[in-house]
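Converting from the sequence shown to my numbering requires adding 79 to each position, the first position being numbered 1.
Beta carbons: idealized from backbone N, C-alpha and C, even for Gly.
First up is the structure itself, then whatever we jot down about it.
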Amino acid sequence: MDRLQFENWIKSQFEKVSDEQLANFDLYYHLLTAKNNDINLLSRATGLDIYEKHFSDSLLFSLPESLRGKTIIDLGSGAGFPGIPLKIMYPDNYIYLLEPTRKRADFLKVVIAKLNLKKIEVINERAEDFVASSREMFDGLVARAVAPLNILLELASPLVKVGGLVLAYKGERADQELIEADMALKVLNLKVTHQLTSHLPTLQHTRNLLIFEKEAPTPIRYPRLYAAIKIRPL
Numbered sequence: 080m081d082r083l084q085f086e087n088w089i090k091s092q093f094e095k096v097s098d099e100q101l102a103n104f105d106l107y108y109h110l111l112t113a114k115n116n117d118i119n120l121l122s123r124a125t126g127l128d129i130y131e132k133h134f135s136d137s138l139l140f141s142l143p144e145s146l147r148g149k150t151i152i153d154l155g156s157g158a159g160f161p162g163i164p165l166k167i168m169y170p171d172n173y174i175y176l177l178e179p180t181r182k183r184a185d186f187l188k189v190v191i192a193k194l195n196l197k198k199i200e201v202i203n204e205r206a207e208d209f210v211a212s213s214r215e216m217f218d219g220l221v222a223r224a225v226a227p228l229n230i231l232l233e234l235a236s237p238l239v240k241v242g243g244l245v246l247a248y249k250g251e252r253a254d255q256e257l258i259e260a261d262m263a264l265k266v267l268n269l270k271v272t273h274q275l276t277s278h279l280p281t282l283q284h285t286r287n288l289l290i291f292e293k294e295a296p297t298p299i300r301y302p303r304l305y306a307a308i309k310i311r312p313l
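Right under this line is the structure:
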């Protein structure tokens, strides 16, 4: 997908797309390509097809109405996906980018400054450490390419308010990951409210958005240390 294809696609997805928003995607693209070799922002598997595999992928599903204008945390933001594309297209949301790697967190701060984005912060911490000061603070959480679902949910659930939403961006294995996360859903007081399926516009890769609602507080013993989560997922 080239730049013109992306512009046409995003205009078909959103009712209004301003010149400023398009310019922000252009600048973001150039920052990513300029810094990728130094910081290893993008995996070799996705290459530099940024417009489709990163920008479009982050915006393939509309943000739920109940989260419009609310606080959202992007868990394991990496190079800023999906948090920065969401911020560009949903400027009324206050978005927090949680990224444990210092170099990537510093890059995200540069992007925010260069794009002159408001109501957005970078937090350079691990999720299991950050939750100690921010338990059940956020209306919603988004996560893309972070971890298998049964691991992701243990990191995500403690950060979200009761009644809030966890949005997990997944690929073709979404159904299998849901089966494997059945115990995690029960223990963490989460329920699946929606599973949305779509495809990347030109590559046609299958994408799923799994939406979970938090029905009750997360038991205080979660999250465990990450090493323990990996060894014995819920």
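In the DSSP secondary-structure assignment, Ser277 is bridged to Arg286. A straight line joining the alpha-carbon of Asp105 with that of Leu146 spans about 26 Å. Assignment of alpha helix (DSSP H) within the region 217-241, counting only whole runs of 4 or more residues, yields 228-235 in chain order. Counting only residues of its own chain and dropping the five nearest sequence neighbours on each side, Leu313 has a CB closer than 7 Å to the CB of Asn229, Glu233, Met262, Ala263 and Val266.
Within the region 168-226, the runs of beta strand (DSSP E) at least 3 residues long that lie entirely inside it are, in chain order, 173-177, 199-202 and 217-223. At the C-beta level, Tyr248 and Arg205 stay beyond 9 Å of one another. When rounded, the separation of the alpha-carbon atoms in Arg82 and Tyr130 is 7 Å.
In terms of Cβ geometry, Leu101 and Leu154 do not form a close pair [threshold 9 Å]. When C-alpha distances from Met80 are compared across Ser122, Leu111, Phe134 and Asn116, the shortest belongs to Phe134.
Counting the other Cβ atoms within 10 Å of the Cβ of Val241 gives fewer than 16, which makes it exposed. In the DSSP assignment, Thr297 falls outside any alpha helix (DSSP H), carrying neither H nor E.
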